[in-house]
Amino acid sequence: MEERSTTRSVSDAGVPVRRRLRIGDLTLRGGTVAVSLGLVVLLAGLLVVLATGAAPALSQLGLSFFTSRQWDPVTNHFGALPYIYGTLVTSTVALVLALPVSIGLALLLNEVRSKWVRNPLTVLVDLLAAIPSVVYGLWGLFVLAPALNTYLAPFLARTLGKLPVLGALFVPTPAVGNMLNAGVILAVMIVPIITAVTREVIATVPADLREASLALGATRFESIRMAVLPYARSGIVGATMLGLGRALGETIAVSMVIGNGLGISASLLAPGYTIPAVIANEFREATSTGLQHSALLALALVLVVIALVLAGASRLLVRRSERGFR
Amino acid sequence: MSVQEKLRSKPQWGSGFGQFACWVAAAVVSAVCLSIIGYLVFQGWHSLSWKFFTTDPSESMREGAGGGVRVPIVGTALLIVLAVLVMFPIAVGAATYLSEYMDESSWFTRVVRTGLEVLASVPSVVFGMFGLALFSMPIFTFLSSSGAEGASQAFGRSFLVAAIVMGVHVLPFVIKVSEESIRAVPVSYRRGAHALGITKWRSIRKVVLPAAAPGIVTAVILGMGLIAGDTAIVWLLLGGTTTMGASNWWAPSQFLQVLRGTGATLTTYIFFNSPAGDGNSPQLAYAAALVLVVLVLALNVIASIVGRRRKRQGS
Chain A
0 MEERSTTRSV SDAGVPVRRR LRIGDLTLRG GTVAVSLGLV VLLAGLLVVL
50 ATGAAPALSQ LGLSFFTSRQ WDPVTNHFGA LPYIYGTLVT STVALVLALP
100 VSIGLALLLN EVRSKWVRNP LTVLVDLLAA IPSVVYGLWG LFVLAPALNT
150 YLAPFLARTL GKLPVLGALF VPTPAVGNML NAGVILAVMI VPIITAVTRE
200 VIATVPADLR EASLALGATR FESIRMAVLP YARSGIVGAT MLGLGRALGE
250 TIAVSMVIGN GLGISASLLA PGYTIPAVIA NEFREATSTG LQHSALLALA
300 LVLVVIALVL AGASRLLVRR SERGFR
Chain B
0 MSVQEKLRSK PQWGSGFGQF ACWVAAAVVS AVCLSIIGYL VFQGWHSLSW
50 KFFTTDPSES MREGAGGGVR VPIVGTALLI VLAVLVMFPI AVGAATYLSE
100 YMDESSWFTR VVRTGLEVLA SVPSVVFGMF GLALFSMPIF TFLSSSGAEG
150 ASQAFGRSFL VAAIVMGVHV LPFVIKVSEE SIRAVPVSYR RGAHALGITK
200 WRSIRKVVLP AAAPGIVTAV ILGMGLIAGD TAIVWLLLGG TTTMGASNWW
250 APSQFLQVLR GTGATLTTYI FFNSPAGDGN SPQLAYAAAL VLVVLVLALN
300 VIASIVGRRR KRQGS
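As C-alpha cells, then:
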C-alpha cells in the first residue's frame, strides 16, 4: 500500500505526486486496471477457445491437415491446403498491385504542395478506407469482375500468357470468379492503409537528409530514391505487413468474387478459396462437435498465427523506422 | 562509390518517369474510388423511395422482390447502440489506465500493450468464430434464445452476442485513439488541478476526461462506422437472416426477445440481395449500399468536425 501511494503518477509532468489514497482513487485505479486486465484475459480466452477447438482436428488429421487437398465432410477428411494456398496467392497479388500505387500516392501527397491536388486526393483515399467490405464485394461482382473477365483476362492470356514461366499464371479458364478478381479487390482495400502509414513514415524523414542530397546536385527524384526511400524503407515494409494482415483476414468481399472453388491451380484466372471465406461459408452450418467444426477452428488458428507474426514484425519495423535508426 | 559519383553517372530520365508514375498511381486510385461511388449512386438512386425505407425485406429474395430496408436499418442502429454500450466503458477505462496510471516500465503495462496490438490484428471473422464457439456454451443461454427444444447448446446468435463481439472487435482502435486524445490534454491542466489540492481521480474525472471528451467521442463515432460496415461478425453471430427473429419487434414488451433474437443489418441485406447471397435484386443491393456508405461517411464527417473542435480548444 505504502509503495503504491508514492508512485509517480503524473510522471509526464515531471511532478512526483505523493498523497494519501482515498476510496475514489483506489476505485478508479482498480477499475482501470481491471478493465485492462480484462482485455488480456479476453485475448487469452480467444486463443484458448481456438486452440482447444482445433486440437481434435490437428491431432486426428496430423500433418495431412496442411498437405492434403481434400476437404470432404462426407468422408470426414479435411485438408486445408487449397485454402492456405488461395489466401496466400490473393494476398500476394494484392500486395504486388497495392504497394507501388501506395508508395507513389504517399510520395505525391508528401511532395506536392498544391492543396488543390492534395486535399481531393486525401479525401478520396479516406473514402476508400471508409467503404464497407460488402460494398466492395458488390462492386467487384458487378463492375470489376466483368471488366477483368472481358478485357483484362484475355489480354493477359494473349500477352503474358505466352511467356515461358510467367505464362502459367495467366492460363485462361471460363470461370467468372477467380483469384485475380479477389487480388485486385484486396489491393483496392489495402491501398488506404499502406498509403496512410507510408505517408507518416516518409514525413518523419529528416529534412537534413533531403536537403543534403539536393545540395549534392540530386534532382528531386534522385533525392527521393537515394535519401528518402532508403531511410523510410523499414517503415514501408511495416506498412506493407499491416496491409497484408488486413488482406489475409478479409472475408466477405473475397468470398463474393473469388469463385469459391476447391482446387489448386497455378493460373490466377482460375477460381480459388480462402481461409476466411470458407469459415464464413461453412462455420454457420458445421455441427458444433464434429471434425469439420474443429478443422475450421484450426484454420482460424492458422490465420491468427500468421496475422500475429505479421503484426509483430510490422510494429517492430514501423517503430524502428520512426525512431530513425536502421 | 560516393553519392556524388552515383548522381553524376545517373541518366536524367528517371525524374520525369518517377513523377509520371506517381501521378498514374493517383489517377488509378481516384478512378477506382469515383467508379465505386458513381456506380453506387447511379445504380442505387432509382430504388430509393419512401417505400424502400418503410417496408421490410421480403421472404424470398429471388425474382427481383427484395423488399425494403426498414428492419435492416433498425438492426444496424440497434447493433451500433448496443456495441457502443459494451465498448464505451471498457475503452475509456483502458485508455485512462494507459495514459494516466500506467508505468511504462512495469511488466503489466507491457502485457496490456502487447495484448491490445495482438487484438487489433485478429481478423473480424475469427472474432465471429470465437463468439459463436464461446456463446454457444449452455451457460450463455440467457444471451440468445435457445435454438431447438432440449438442445444442449445455446443458439449463440443474437443482437446481444453480436454486439458484445463487435464491441470487442473495435476496442483496440477506439482505445488507441482515446488514449492519444487523453495524452494530448495539456500537462498544465493536471498541474493546475493538482495545485488546487484535489485528488487524482477527481482531477481525471473533472478535468482530464472532460478536456479529452471530444477526442474520445471522435474515436467512438469512428468505431460506430466500423461497426456499421462489418459483415463477417454479423454474418456469423446475428443469424444471417433478413428478418427480425422476434415477432412484433416494435412492441416495447418484446424488447428482451429482440435483444436475444436474431436480426438483419444493412450489410446482410446487401449480401442477400446480391447473386453471392442467392438474391436477384442488385438494384436494391445498390440502394442499400448507398444508404450504408452515406451513413458511414456521415459518421466520419461528424467525427472530423468533433475532432477539429478539439484541436481548436487545445491551442
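Residue numbers (numbering that gives the first Met the number 0), protein chains in the order written: chain A, 0 to 325; chain B, 0 to 314. The beta carbon of each residue, even a glycine, is placed where N, CA and C say it ideally should be.
At a Cβ threshold of 8 Å, is residue i touching chain B?
{"i": "A/T250", "result": "yes"}
{"i": "A/A231", "result": "no"}
{"i": "A/W138", "result": "yes"}
{"i": "A/S35", "result": "yes"}
{"i": "A/P275", "result": "yes"}
{"i": "A/I278", "result": "yes"}
{"i": "A/L127", "result": "yes"}
{"i": "A/V187", "result": "yes"}
{"i": "A/P99", "result": "yes"}
{"i": "A/A299", "result": "yes"}
{"i": "A/V190", "result": "yes"}
{"i": "A/D207", "result": "no"}
{"i": "A/D71", "result": "no"}
Quick one: using the 10 Å Cβ neighbour count with 16 as the cut-off for buried, is residue i buried or exposed?
{"i": "A/L38", "result": "buried"}
{"i": "A/D327", "result": "Shown here, chain A extends from 0 to 325; a query on residue 327 of chain A therefore has no answer."}
{"i": "A/T66", "result": "exposed"}
{"i": "B/S246", "result": "exposed"}
{"i": "B/Q323", "result": "A question about residue 323 of chain B goes unanswered here, because the residues of chain B that appear run from 0 up to 314."}
{"i": "A/E249", "result": "buried"}
Could you tell me which chain B residues have their CB closer than 8 Å to the CB of residue i, listed as they occur along the chain?
{"i": "A/I130", "result": "I35, G228, V292 and V295"}
{"i": "A/G258", "result": "What A/G258 touches in chain B: nothing, since even the nearest Cβ is about 11 Å away."}
{"i": "A/P153", "result": "Those within 8 Å of A/P153 in chain B number zero; the least Cβ separation is about 21 Å."}
{"i": "A/A310", "result": "E116, V117, A119 and S120"}
How many Å lie between residue i and residue j at the Cα?
{"i": "B/A90", "j": "A/I263", "result": "43 Å"}
{"i": "B/R204", "j": "A/I235", "result": "40 Å"}
{"i": "B/P88", "j": "A/V303", "result": "27 Å"}
{"i": "A/A53", "j": "B/G130", "result": "15 Å"}
{"i": "B/Q282", "j": "B/Y38", "result": "11 Å"}
{"i": "B/W249", "j": "A/G237", "result": "49 Å"}
{"i": "A/G78", "j": "A/D125", "result": "39 Å"}
{"i": "A/F154", "j": "A/L147", "result": "9 Å"}
{"i": "A/L309", "j": "A/I193", "result": "14 Å"}
{"i": "B/R112", "j": "B/G92", "result": "14 Å"}
{"i": "B/F134", "j": "A/V116", "result": "50 Å"}
{"i": "A/S320", "j": "A/W70", "result": "43 Å"}
{"i": "A/A144", "j": "A/A217", "result": "44 Å"}
{"i": "B/E148", "j": "B/S123", "result": "Any answer about B/E148 is weak, because its pLDDT of 49 lies below 50 and its placement is not dependable; what the coordinates show is given next. C-alpha separation (whole angstroms): 31 Å."}
{"i": "A/G244", "j": "A/Y150", "result": "30 Å"}
{"i": "B/R69", "j": "B/G262", "result": "12 Å"}
Report back the beta-carbon spacing between residue i and residue j to the nearest angstrom; my notes put them in contact at under 8 Å.
{"i": "B/A286", "j": "B/L47", "result": "5 Å"}
{"i": "B/G43", "j": "B/L289", "result": "4 Å"}
{"i": "A/L120", "j": "B/S57", "result": "In fact, because the Cβ distance is near 42 Å, the residues do not count as touching under 8 Å."}
{"i": "B/I220", "j": "B/V295", "result": "No, B/I220 and B/V295 are not in contact; Cβ-Cβ is about 11 Å, not under 8 Å."}
{"i": "B/V80", "j": "B/G166", "result": "Not really, about 11 Å apart at Cβ, beyond 8 Å."}
{"i": "B/L265", "j": "B/T75", "result": "5 Å"}
{"i": "B/I232", "j": "B/V164", "result": "6 Å"}
{"i": "A/S293", "j": "A/P55", "result": "4 Å"}
Spell out whether any CB of chain A is found under 8 Å from the CB atom of residue i.
{"i": "B/R307", "result": "no"}
{"i": "B/F87", "result": "no"}
{"i": "B/G222", "result": "no"}
{"i": "B/K199", "result": "yes"}
{"i": "B/I301", "result": "no"}
{"i": "B/S273", "result": "yes"}
{"i": "B/G321", "result": "Since the displayed chain B opens at 0 and closes at 314, residue 321 of chain B lies outside it and no answer follows."}
{"i": "B/L142", "result": "no"}
{"i": "B/A183", "result": "no"}
{"i": "B/P281", "result": "yes"}
{"i": "B/G17", "result": "yes"}
{"i": "B/G63", "result": "Its pLDDT being 48, under 50, B/G63 is placed unreliably in this model, and the coordinates cannot settle the point."}
{"i": "B/V28", "result": "yes"}
By the criterion of Cβ-Cβ separation under 7 Å, what are the contact partners of residue i in chain B?
{"i": "A/A306", "result": "S120, V121 and P122"}
{"i": "A/R314", "result": "E116"}
{"i": "A/R28", "result": "Y100"}
So residue i contacts chain A; which residues on that side make the cut at Cβ distance below 9 Å?
{"i": "B/L235", "result": "I278, A279, F282 and R283"}
{"i": "B/T366", "result": "Nothing about residue 366 of chain B can be reported from this structure: the residues present for chain B run from 0 to 314 only."}
Can you pull the chain A neighbours of residue i, defined as C-beta to C-beta under 7 Å?
{"i": "B/I203", "result": "L27"}
{"i": "B/V31", "result": "V187"}
{"i": "B/T95", "result": "T31"}
What in chain B is Cβ-close to residue i, meaning under 9 Å?
{"i": "A/M178", "result": "By Cβ distance, chain B contributes nothing, its closest Cβ being about 16 Å from A/M178, past 9 Å."}
The ligand PLP heavy atoms versus the CB of residue i: any closer than 7 Å?
{"i": "A/A231", "result": "This structure does not include the ligand PLP; it has no bound ligands of any sort."}
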